[in-house]
Structure formats: structure tokens, C-alpha cells
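Following: one structure in C-alpha cells, then a few remarks.
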Amino acid sequence: MELEHSHTPQDIATRLQDGPSISYLRDWVYGGIDGAVTTFAIVAGSLGAQLPASVVLILGLANLLADGFSMAAANFTGTKTEIEDFRRLRQIEEKHIRLAPEGEREEIRQIFRTKGFEGSELETLTTIITSRNSTWIETMMQGEYGLASVQRSPLKAAASTFAAFALCGSLPLLPFAFALPSSNLIAVLLTALAFFSIGSAKARWSTQGWLRSGLETTLIGMTAAAIAWAVGAGLHAAFGTL
């Protein structure tokens, strides 16, 4: 069985020196799926209402830019808030260690007791961890709040979301932008391909198989589009083309 990385002392030292990698996969997947879903939902709804291709393109582009920016801004703000909350909690722990060190040592002791340590082994571990404030605080942040010290960049998170949203969301609009024959069918196929590609790609970082992950994502996205088409068709039947 092949290992994912080398375990030579030099390679281990290099990896630890570089620090843990920060992943923006969630932002790409979230932005890509939402971009394809919302844009194609608008396309499907417009087609269901039998609106002309020019209107489909206008509504789709408006969604692509406005909703893409909105998602990116929300992700930027949310990620920034997470960082600010981390700093707030860290400041609390720093104050508590300064003003109530024995209480904080007891917290460390109880954190590791729940992990199965006890007796002299537990006391030794507690003494070692609390002998250095940076290690003490990091352990408290992880053990008490479940927060890692590695922080994601709000700007990179937002950029990843917008890029994926724009890329995947533009696919349903391409047939209408180039006035291709059978634009409706091509839009459906391109969007289904986008959903399947996103689902298959994210399987690389999960235990789920690529085929199942791709089909699952495609099903979710096409269901959303079907709902939008049904709404558009229903409104057209009730009120006619606007």
C-alpha cells in the first residue's frame, strides 16, 4: 500500500517547517455549485416562462455578477468574523492564564483526562504544556473551543468563491451568448457536466467515490433547476408571457 507522503526525518522536518496547508476547497465547491444552480435556475425559469433568449441572457448575467459578488462578500465577511472571534477568545485565554493560572491548569488537566491520561502521566503532561504560554494557549483554543491556530485568508476565500461561481455559472449562458442552435439542450448538458465535474473533483478529498459524488451533486443541481423551470412554466400558464 502506497503512503501519501514520505516519513524520512528530513521530509518530516520540511513539512512541519512549512506549516499546515490552508485549503480553500470548500469555497470553490460552494461557489461552483451555487453559481451553476442559481444561474441555471434563472435560465430554466425563464425558459419555462418562454421568455426570449435575450432576456434569459440579461437575467443570467445580472445574477452571475450580482449574486457572485454577494456570495464573495458574504464569505469575506464571514471568514473575517471567524478570525476576529478567534482573536477575541485568545485574548480571553491570555487574560485568564495571567489572572487565574491554577484554574487554567485545571482546565488543561481535565482536557487530557478526557483523552485517557491519568495519574503521574497526566500531571507531567499538564506541567509540560503549561510551562510555555504559547503552547498552553493553543491547547486551550483547541481543547476548549475546538479552534485551530491556522487562519484562512478572507480575501482568498472570497476570491475562490467568486471565481468558481463565475466559472460554473457562466456555462448555462454560453449557448445563448453565441446564439447556438438548440441552446436550451446545450445549456442543460453543460450545467449537468458542471455539476458532475464539481462532485467528482471534490471526491478526491473525501472517502466517497467519484462517480457517486458526481451523480449526487448533479441530482441536487438539476432538481433545483427543475423546480425553477416548473415555477416559470406555471407562471406562464397562469399569466402568459410578460
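Quick note: full-length UniProt numbering has the sequence shown finishing at residue 242, numbered continuously throughout.
All C-beta atoms, glycine included, are put in the ideal place defined by N, C-alpha and C.
Treat the numbers as computed from the prediction; the structure is a model and nothing was measured.
#1: Taking LYS156 as part of the alpha helix (DSSP H), name the residues at either end of that continuous run.
#2: Is it buried or exposed, TRP205, if we count other Cβ atoms within 10 angstroms and call 16 or more buried?
#3: For ARG87 and GLY232, what's the separation of their Cα atoms in angstroms?
#4: Near ASP18, which residues of its chain fall below 6 Å by C-beta distance, leaving aside the five closest residues on each side in sequence?
#5: Could you pull out every residue in the same chain whose Cβ sits closer than 8 Å to the Cβ of ARG113, ignoring the five residues on either side in sequence?
#6: Under a three-way DSSP split, which group does PRO175 fall into?
#7: Could you say if the stretch 169-180 and the stretch 46-66 meet the contact criterion of at least three C-beta pairs nearer than 8 Å?
#8: Using 8 Å as the threshold, is the C-beta distance between ALA44 and ALA228 below it?
#9: What residue from ILE22, VAL29 and THR223 has the CA that sits closest to ARG152's CA?
#10: Quick one: any contact between the stretch 153-164 and the stretch 182-196, if contact means 3 or more CB pairs under 8 Å?
#11: Quick one, which of LEU89, ASN63, PHE76 and ALA49 has its alpha-carbon nearest LYS145's?
#12: Could you check whether ASP67 and THR38 sit closer than 8 Å to each other, using their CB atoms as the reference points?
#13: Give the DSSP-derived three-state secondary structure of GLU118 in the structure shown.
#14: Given PHE40, which residues of its chain have a CB within under 6 Å of its CB, disregarding the five upstream and five downstream residues?
#15: Between which two residues does the alpha helix (DSSP H) harbouring LEU47 extend?
#16: With DSSP run on the structure shown, which of helix, strand or coil describes GLN208?
#17: With 16 as the cutoff for other CB atoms within 10 Å, does ILE83 come out buried or exposed?
Based on what the coordinates show:
#1: Looking at the DSSP string, the run of the alpha helix (DSSP H) that includes LYS156 is 154-170.
#2: exposed
#3: 47 Å
#4: No residues qualify anywhere along the chain.
#5: LEU122
#6: helix
#7: At 8 Å Cβ cutoff, the stretches touch.
#8: Using a Cβ distance threshold of 8 Å, ALA44 and ALA228 count as a contacting pair.
#9: ILE22
#10: no
#11: Checking the displayed sequence, the identity of residue 145 turns out to be Tyr instead of Lys. Of the candidates LEU89, ASN63, PHE76 and ALA49, LEU89 places its Cα closest to the Cα of TYR145.
#12: A contact, by the Cβ cut-off of 8 Å.
#13: coil
#14: Excluding sequence neighbours, PHE40 sits near PRO172, THR191 and ALA225.
#15: 25-48
#16: coil
#17: Sixteen is the threshold: since fewer than 16 other Cβ atoms of the shown chains lie within 10 Å of the Cβ of ILE83, the residue is exposed.
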